[in-house]
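So the structure is just underneath, and the comments pick up after that.
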Amino acid sequence: MSFALDEFLPWLRCAAGRRPWMPWELDFLREHYPTGGRIRCGALLPHRGVVACGAKARLMGIRCRVGTTEGKRFARKYPVIEHLDNALREGWLSCKRRGDQARLAERLGRPVWWVQQRARQIGLVRDHSIRA
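Under our numbering, the residue at position 130 of the sequence shown is numbered 158, and the numbers go up by one with no gaps.
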C-alpha cells in the first residue's frame with residue numbers, strides 16, 4: 029500500500045488532537061462497519077476510537093447490520109419463563125386496587141415496570157371501569 033504526499037497534507041494543516049479522515053479509513057468504514065459495527069472498526073483502525081467510528085459512519089449514512097445491544101441487559105437479567113407468564117395471567121385480572129401490581133410484582137420476584145411491560149407484551153389488559 030503506497031500513499032501519495034497529497035494524502036498526508038491535510039494532517040499537517042489540522043488542529044491539534046483532530047485528524048481528518050483519510051480516504052483509506054473511509055473505505056475501511058464502508059467495508060467493515062456494516063458487518064462489524066463501531067466496536068470492531070474502532071479496534072482495527074489506528075488512532076480512531078469507537079465513538080469516532082460510529083459518528084463518522086452515521087455522517088456517511090452507513091448502517092450497521094449487527095444487532096444493537098439495546099434491551100439485552102434486561103433480557104438476560106429477567107429471562108422469559110413460562111410459569112411466570114402463567115402466574116402473571118392469573119394475577120393480572122385481580123389487580124383492581126392501588127398497589128395490586130406492586131404486590132403481584134413482589135410475588136413474582138420482578139420489578140413493577142417489568143410486570144407492566146411483560147403484561148403488555150403478552151396482550152393482557154385491565155378494565156379500568158371496575159377499578160376500585
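Think of the CB as a built atom: it goes at the ideal place given N, C-alpha and C, for glycine as much as any other residue.
Proximal residues to residue i (C-beta, below 8 Å), its chain only, five neighbours per side dropped
{"i": "R138", "result": "Y106, L112, R146"}
{"i": "A133", "result": "P139, V140, W142, V143"}
{"i": "L116", "result": "L132, L136, V143, R146, A147, I150, L152"}
{"i": "Q129", "result": "C123, V140, V143, Q144"}
{"i": "M88", "result": "L54, L57, R58"}
Segment limits, alpha helix (DSSP H) that includes residue i
{"i": "H75", "result": "That residue, H75, is in no alpha helix (DSSP H); it is neither H nor E in DSSP."}
{"i": "V143", "result": "140-149"}
{"i": "R131", "result": "128-136"}
{"i": "L112", "result": "110-120"}
Beta-carbon proximity list for residue i, same chain, < 7 Å, skipping 5 on both sides
{"i": "G77", "result": "G70"}
{"i": "K84", "result": "W49, L57"}
{"i": "L73", "result": "E53, F56, C81"}
Beta-carbon proximity list for residue i, same chain, < 6 Å, skipping 5 on both sides
{"i": "R93", "result": "P62"}
Supposed contact pair residue j and residue i - C-beta distance, whole angstroms, cut 8 Å
{"i": "R47", "j": "H60", "result": "So it is not a contact: roughly 19 Å between Cβ atoms."}
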